[in-house]
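Heads up: the structure comes next, in structure tokens.
2 protein chains.
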Amino acid sequence: MEEGLVVCRANHVPLTPLSFLERAAFVYPKRIALIHGNISYSWQELHGRCLNLASALSQLGVSPGHIVAAVVPNVPALYELHFSVPMAGAVLSALNTQLDASTLAQILQQLEAKVIFVYSDFIELVLQALIILQEKDEPYLVVLIHDSTNNVKEPPASSATPKILDYQTLLEMGQPNFKIVYPKNEFDPISINFTSGSTGKPKGVVYSHRAAYLNAIADIFRYEMWKSPVFLWTVDMFRCNGWCLPWTVAALGGSNICLREINGKEILESIYLHNVTHFCGAPMILTKIADAIGTNQPLLPHEVSVTVAGVLPPPEILTKLEELGFNINNAYGMSEALGPVISMPRKFQDNSDEEANVKIREGIHNIMMEEVDVKDPESMKSVPADGKTTGEIMFRGNAMMLGYLKDPSRTEEAFEGGWYRTKDLGIKYPDGYIKLKDRAIDIIKSGGKIISTLEIEGVLIRHPMVLEAAVVARPDDVLGETPCAFVKLKQGCFATDEEIIKFCEDWLQDYMVPQAVIFGDLPLNSSGKIQKFILRDKAKELKCLPL
Amino acid sequence: MEEGLVVCRANHVPLTPLSFLERAAFVYPKRIALIHGNISYSWQELHGRCLNLASALSQLGVSPGHIVAAVVPNVPALYELHFSVPMAGAVLSALNTQLDASTLAQILQQLEAKVIFVYSDFIELVLQALIILQEKDEPYLVVLIHDSTNNVKEPPASSATPKILDYQTLLEMGQPNFKIVYPKNEFDPISINFTSGSTGKPKGVVYSHRAAYLNAIADIFRYEMWKSPVFLWTVDMFRCNGWCLPWTVAALGGSNICLREINGKEILESIYLHNVTHFCGAPMILTKIADAIGTNQPLLPHEVSVTVAGVLPPPEILTKLEELGFNINNAYGMSEALGPVISMPRKFQDNSDEEANVKIREGIHNIMMEEVDVKDPESMKSVPADGKTTGEIMFRGNAMMLGYLKDPSRTEEAFEGGWYRTKDLGIKYPDGYIKLKDRAIDIIKSGGKIISTLEIEGVLIRHPMVLEAAVVARPDDVLGETPCAFVKLKQGCFATDEEIIKFCEDWLQDYMVPQAVIFGDLPLNSSGKIQKFILRDKAKELKCLPL
Numbered sequence: 001m002e003e004g005l006v007v008c009r010a011n012h013v014p015l016t017p018l019s020f021l022e023r024a025a026f027v028y029p030k031r032i033a034l035i036h037g038n039i040s041y042s043w044q045e046l047h048g049r050c051l052n053l054a055s056a057l058s059q060l061g062v063s064p065g066h067i068v069a070a071v072v073p074n075v076p077a078l079y080e081l082h083f084s085v086p087m088a089g090a091v092l093s094a095l096n097t098q099l100d101a102s103t104l105a106q107i108l109q110q111l112e113a114k115v116i117f118v119y120s121d122f123i124e125l126v127l128q129a130l131i132i133l134q135e136k137d138e139p140y141l142v143v144l145i146h147d148s149t150n151n152v153k154e155p156p157a158s159s160a161t162p163k164i165l166d167y168q169t170l171l172e173m174g175q176p177n178f179k180i181v182y183p184k185n186e187f188d189p190i191s192i193n194f195t196s197g198s199t200g201k202p203k204g205v206v207y208s209h210r211a212a213y214l215n216a217i218a219d220i221f222r223y224e225m226w227k228s229p230v231f232l233w234t235v236d237m238f239r240c241n242g243w244c245l246p247w248t249v250a251a252l253g254g255s256n257i258c259l260r261e262i263n264g265k266e267i268l269e270s271i272y273l274h275n276v277t278h279f280c281g282a283p284m285i286l287t288k289i290a291d292a293i294g295t296n297q298p299l300l301p302h303e304v305s306v307t308v309a310g311v312l313p314p315p316e317i318l319t320k321l322e323e324l325g326f327n328i329n330n331a332y333g334m335s336e337a338l339g340p341v342i343s344m345p346r347k348f349q350d351n352s353d354e355e356a357n358v359k360i361r362e363g364i365h366n367i368m369m370e371e372v373d374v375k376d377p378e379s380m381k382s383v384p385a386d387g388k389t390t391g392e393i394m395f396r397g398n399a400m401m402l403g404y405l406k407d408p409s410r411t412e413e414a415f416e417g418g419w420y421r422t423k424d425l426g427i428k429y430p431d432g433y434i435k436l437k438d439r440a441i442d443i444i445k446s447g448g449k450i451i452s453t454l455e456i457e458g459v460l461i462r463h464p465m466v467l468e469a470a471v472v473a474r475p476d477d478v479l480g481e482t483p484c485a486f487v488k489l490k491q492g493c494f495a496t497d498e499e500i501i502k503f504c505e506d507w508l509q510d511y512m513v514p515q516a517v518i519f520g521d522l523p524l525n526s527s528g529k530i531q532k533f534i535l536r537d538k539a540k541e542l543k544c545l546p547l
Numbered sequence: 001m002e003e004g005l006v007v008c009r010a011n012h013v014p015l016t017p018l019s020f021l022e023r024a025a026f027v028y029p030k031r032i033a034l035i036h037g038n039i040s041y042s043w044q045e046l047h048g049r050c051l052n053l054a055s056a057l058s059q060l061g062v063s064p065g066h067i068v069a070a071v072v073p074n075v076p077a078l079y080e081l082h083f084s085v086p087m088a089g090a091v092l093s094a095l096n097t098q099l100d101a102s103t104l105a106q107i108l109q110q111l112e113a114k115v116i117f118v119y120s121d122f123i124e125l126v127l128q129a130l131i132i133l134q135e136k137d138e139p140y141l142v143v144l145i146h147d148s149t150n151n152v153k154e155p156p157a158s159s160a161t162p163k164i165l166d167y168q169t170l171l172e173m174g175q176p177n178f179k180i181v182y183p184k185n186e187f188d189p190i191s192i193n194f195t196s197g198s199t200g201k202p203k204g205v206v207y208s209h210r211a212a213y214l215n216a217i218a219d220i221f222r223y224e225m226w227k228s229p230v231f232l233w234t235v236d237m238f239r240c241n242g243w244c245l246p247w248t249v250a251a252l253g254g255s256n257i258c259l260r261e262i263n264g265k266e267i268l269e270s271i272y273l274h275n276v277t278h279f280c281g282a283p284m285i286l287t288k289i290a291d292a293i294g295t296n297q298p299l300l301p302h303e304v305s306v307t308v309a310g311v312l313p314p315p316e317i318l319t320k321l322e323e324l325g326f327n328i329n330n331a332y333g334m335s336e337a338l339g340p341v342i343s344m345p346r347k348f349q350d351n352s353d354e355e356a357n358v359k360i361r362e363g364i365h366n367i368m369m370e371e372v373d374v375k376d377p378e379s380m381k382s383v384p385a386d387g388k389t390t391g392e393i394m395f396r397g398n399a400m401m402l403g404y405l406k407d408p409s410r411t412e413e414a415f416e417g418g419w420y421r422t423k424d425l426g427i428k429y430p431d432g433y434i435k436l437k438d439r440a441i442d443i444i445k446s447g448g449k450i451i452s453t454l455e456i457e458g459v460l461i462r463h464p465m466v467l468e469a470a471v472v473a474r475p476d477d478v479l480g481e482t483p484c485a486f487v488k489l490k491q492g493c494f495a496t497d498e499e500i501i502k503f504c505e506d507w508l509q510d511y512m513v514p515q516a517v518i519f520g521d522l523p524l525n526s527s528g529k530i531q532k533f534i535l536r537d538k539a540k541e542l543k544c545l546p547l
């Protein structure tokens with residue numbers, strides 16, 4: 001540093017999303033921060049609750065660097081934990097509520113969390129997990145959250161194992177004048193999010209205060225979530241910390257709307273009732289909403305922006321939603337990059353016939369993700385921007401994890417060469433935009449050829465009878481693998497496998513045409529993502545299926 | 001850092017506003033970036049020009065850490081220098097075009113800049129300064145910028161001293177495939193802005209890439225400058241780097257409108273012509289616009305946001321502008337904090353009779369300025385939030401200078417105790433909002449009492465005949481100092497000193513009433529700020545003025 005220049009406490013404050021809540025409580029004290037059923041908190045009230053909770057956590061011995069786990073759906077308490085846990089200097093790990101007890105036990109062991117916040121619906125699951133863990137030292141402290149908009153569900157009487165405290169009791173223990181434990185370094189961890197674990201042991205992805213702060217700001221650009229948004233919580237807060245949106249909404253002094261149940265009817269009703277401006281999630285929410293649209297459904301009071309990550313449902317569903325006033329955006333990202341990295345209005349994706357089967361042609365990259373590229377994973381050279389050459393999609397930027405918890409070798413592998421390696425395959429167009437060809441794990445290798453399952457799905461979904469489609473590899477003695485299609489038909493529709501295969505033949509090159517079609521419901525995870533690993537198992541079993 | 005967590009090239013990219021231009025060129029290649037007269041560049045074109053210029057600077061030997069000076073008004077070249085100089089790894093120092101040759105010489109000596117960009121109107125000034133400098137070693141390189149919207153003005157033939165190169169020639173020297181020299185550390189300097197120097201030697205205030213980046217983002221919140229703004233350049237880019245707005249507009253992919261001349265007529269015409277959404281500057285621009293409003297002036301096509309830093313003109317001028325569609329905001333800040341720190345819509349300032357003389361009651365603090373407080377400068381304790389107790393306004397946050405160039409003792413003094421000390425006096429209200437009482441240097445000490453000149457000016461400006469007013473201390477043998485008012489009357493208006501004093505007596509306590517009133521034009525600096533140091537000198541001379 002040159003003469004006269006310094007970096008000190010006056011001109012360097014570690015970046016942390018905690019600043020956003022402080023500011024919201026100061027600048028917008030009376031504005032509605034959060035609504036859930038009949039409950040409504042202003043920013044001042046919410047700030048007070050978070051301070052109380054942080055104070056109570058400190059009293060319980062939660063200290064800087066400790067991990068606090070949560071098995072909680074999108075209720076206000078989980079929103080509050082996004083601030084109060086880091087306010088106590090601790091690290092929040094919000095866990096998927098759909099985990100089975102043994103996976104949950106495995107994760108809890110990895111976390112070494114001593115405090116677990118549990119929503120009443122999941123108390124039995126957590127107690128089962130704790131029994132599996134059979135931890136002997138200090139007992140776990142479980143904080144039980146009752147949904148105040150529903151009937152109270154008491155924990156089972158048999159739950160003698162851990163110490164159980166009530167969320168409300170904890171809140172009342174706290175002191176409102178608690179002094180926030182700000183991070184000493186902006187690279188200190190703020191949260192841990194687990195990947196789905198469908199490809200092995202769940203990985204704990206660690207976010208820093210800095211990354212969370214910058215990605216929360218990037219969300220403003222990404223979702224065009226400008227002044228005072230009214231945000232509807234359809235994306236799980238336990239997924240990438242709800243794409244960092246709990247922090248974004250606080251930065252903007254917007255309002256959060258939590259739902260009792262995430263179904264099409266509730267979503268639609270909330271939009272009209274609360275003047276919702278934005279919501280996000282898995283593509284399935286679009287289908288749910290479309291199903292709930294009535295015959296004389298009134299137009300939305302204003303354009304409502306919805307961003308979904310994953311393969312879009314059939315065009316007629318999208319059109320139905322757009323006609324009502326929804327602005328549909330499609331995003332691509334991953335836990336490691338704090339959620340969506342690049343996104344695009346769906347209208348921009350579909351603007352030429354040539355690209356009729358383009359599913360995700362993303363491009364408006366995150367303002368905090370400095371570089372997005374498609375590279376040869378060996379040479380690390382960019383692929384030619386020719387719209388043909390396949391490479392691995394890679395990123396580098398500040399909206400990026402610190403690494404995998406207690407897994408240095410996987411962290412090193414992920415960041416090898418100074419770029420985050422997505423393992424996803426893509427191509428690059430002359431204008432610099434990239435197209436996701438497929439997730440590396442989903443790729444089908446057939447007779448020496450590489451087949452993108454996304455491309456086949458893009459054709460299937462255009463068949464007039466098809467509602468949802470997924471393609472996976474089926475082992476084949478001759479070709480190695482062949483495409484196997486799983487298809488869910490629209491209600492009241494019928495189709496045969498020959499018809500579906502014929503349709504594919506009209507649109508795809510021969511080697512890409514599915515060799516088998518299986519009809520039925522597709523297995524979805526809690527965020528509506530199709531669980532391809534289940535389908536792959538099924539396809540293996542069906543190896544002998546007659547063509 | 002815990003096991004498995006790393007900070008590396010993949011997840012840590014030094015924050016720099018250069019990223020904004022890269023992204024704008026990628027995401028909005030064809031969108032208009034900048035308009036000046038008949039010239040118009042898209043983001044792609046502007047990006048290309050900046051790359052060329054950075055490349056040419058490198059060829060000239062400009063290297064990381066070097067300082068490049070500019071004596072240039074708000075023409076496209078100065079916008080380009082905000083990107084191209086740091087792209088070459090160098091530090092931009094945009095200097096006030098209103099400086100006299102000897103002050104300019106003093107600053108150039110301090111900077112040790114070897115390249116100076118000069119607008120043709122100021123070439124004689126710069127050559128004079130260089131003669132004063134009489135530098136002997138390497139000659140300066142002067143890059144001459146001609147206003148392409150005007151007639152070319154050649155440099156005087158006598159200018160043999162420095163090497164002179166043409167801006168256009170330099171651009172053509174550059175290579176468009178230049179590899180940007182990104183900062184190694186986000187705390188590396190990006191620019192140096194000089195304070196007015198009215199209180200002594202001009203101070204070079206150094207900004208880091210990080211502070212510039214974060215403050216450019218904060219500008220989005222501060223000016224509610226959301227999606228695709230059309231920004232009119234009325235604030236000087238050589239003042240706090242135009243409040244960091246060159247970088248903000250790039251971050252948003254907005255459009256910049258440069259004016260040939262900053263007068264009311266040009267401003268109004270540009271607003272209608274280009275659909276301007278935002279502009280900023282000194283309060284005098286409001287008066288200039290009000291004067292230019294015609295009798296049948298059409299309403300603005302949409303609300304236009306204007307933010308001014310300093311004392312607002314009389315209410316009828318504000319009302320006239322608001323009726324046309326302007327949304328007027330008032331801000332308070334300083335060079336050290338990269339421009340405005342806190343700002344507020346003027347409507348919020350004036351909402352009670354009690355506070356009729358409140359001039360700046362600011363509060364919506366910068367999202368990047370973590371703490372804003374009024375403290376006792378000795379004990380560093382916050383003053384009671386009672387709306388009465390005076391203390392020093394202090395800040396700490398990321399939108400803050402690195403320090404004063406080559407002046408460690410002043411830097412240390414400014415950041416003493418871990419806060420930036422503004423030297424401005426303020427009070428704090430129970431709701432946490434602060435009110436600026438006065439700049440410390442302007443305070444009048446009269447008979448053991450402290451008088452705020454802002455409060456007296458707040459009364460004077462409400463007199464129906466008064467257009468502008470400034471109050472300074474006049475030496476007094478008995479009381480030490482007494483208030484002395486300088487008043488500019490509205491056109492066609494007449495008033496006597498007795499009338500003005502009588503009016504003040506109706507509104508102010510006795511000891512605050514000006515003891516002398518002087519009529520005439522007030523001396524303004526180039527940004528429209530009243531030059532109180534000139535008035536103080538005049539007041540001293542007038543010590544014997546009869547009361």
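Chains H and C supply the protein sequences, listed in that same order. Position 13 of the first sequence, counted from 1, bears residue number 13 in the UniProt record's numbering, the numbering being contiguous throughout. Position 477 of the second sequence, counted from 1, bears residue number 477 in the UniProt record's numbering, the numbering being contiguous throughout. Just so you know, even glycine gets a beta-carbon here, dropped at the ideal spot from N, CA and C. On a predicted model such as this, the values are computed, not experimentally measured, just so you know.
On a Cα-Cα basis, can you pick out the residue from the options that is closest to residue i?
i	options	result
Met173(H)	Leu338(H), Ile530(H), Ser58(H)	Ser58(H)
Asn329(C)	Glu371(C), Gly339(C), Pro283(C)	Pro283(C)
Asp424(H)	Cys8(H), Asn525(H), Lys437(H), Ser343(H)	Lys437(H)
Gly37(C)	Glu22(C), Pro17(C), Val68(C), Val75(C)	Val75(C)
Leu21(H)	Asn241(H), Glu303(H), Val7(H), Glu45(H)	Glu45(H)
Ile35(C)	Ser255(C), Lys288(C), Gly492(C), Ile317(C)	Ser255(C)
Ile67(H)	Ile131(H), Asp236(H), Leu111(H), Thr307(H)	Leu111(H)
Could you pull out every residue in the same chain whose Cβ sits closer than 7 angstroms to the Cβ of residue i, ignoring the five residues on either side in sequence?
i	result
Leu53(C)	Glu80, Ser84, Leu170, Leu171, Gly174
Gly310(H)	Ala282, Pro283, Lys529
residue 549(H)	With chain H covering only 1 through 547, there is no way to say anything about residue 549(H).
Ser270(C)	Leu232, Ile257, Leu259, Val276
His463(H)	Ile500, Phe503
Confirm, please, whether the CB-CB distance from residue j to residue i is below 9 angstroms.
i	j	result
Gly325(C)	Leu299(C)	yes
Glu371(H)	Arg396(H)	yes
Trp247(H)	Tyr213(H)	yes
Which value, in whole angstroms, describes the spacing of the CA atoms of residue i and residue j?
i	j	result
Ser452(C)	Gly391(C)	13 angstroms
residue 581(C)	Ser343(C)	Residue 581(C) falls outside the range modelled here, since chain C spans only 1 to 547, and no answer is possible.
Arg536(C)	Gln109(C)	29 angstroms
Lys488(C)	Gly520(C)	5 angstroms
Glu498(H)	Thr319(H)	28 angstroms
His47(C)	Phe117(C)	19 angstroms
Should residue i be counted as a contact of the ligand ADP given a C-beta to heavy atom distance under 8 angstroms?
i	result
Leu133(C)	Judged by which ligands are present, the structure shown has none, so any question about the ligand ADP falls away.
Take residue i and list the residues in its own chain whose beta-carbon comes closer than 8 angstroms to its own, dropping the five residues that flank it on each side.
i	result
Lys540(C)	Arg474, Pro475
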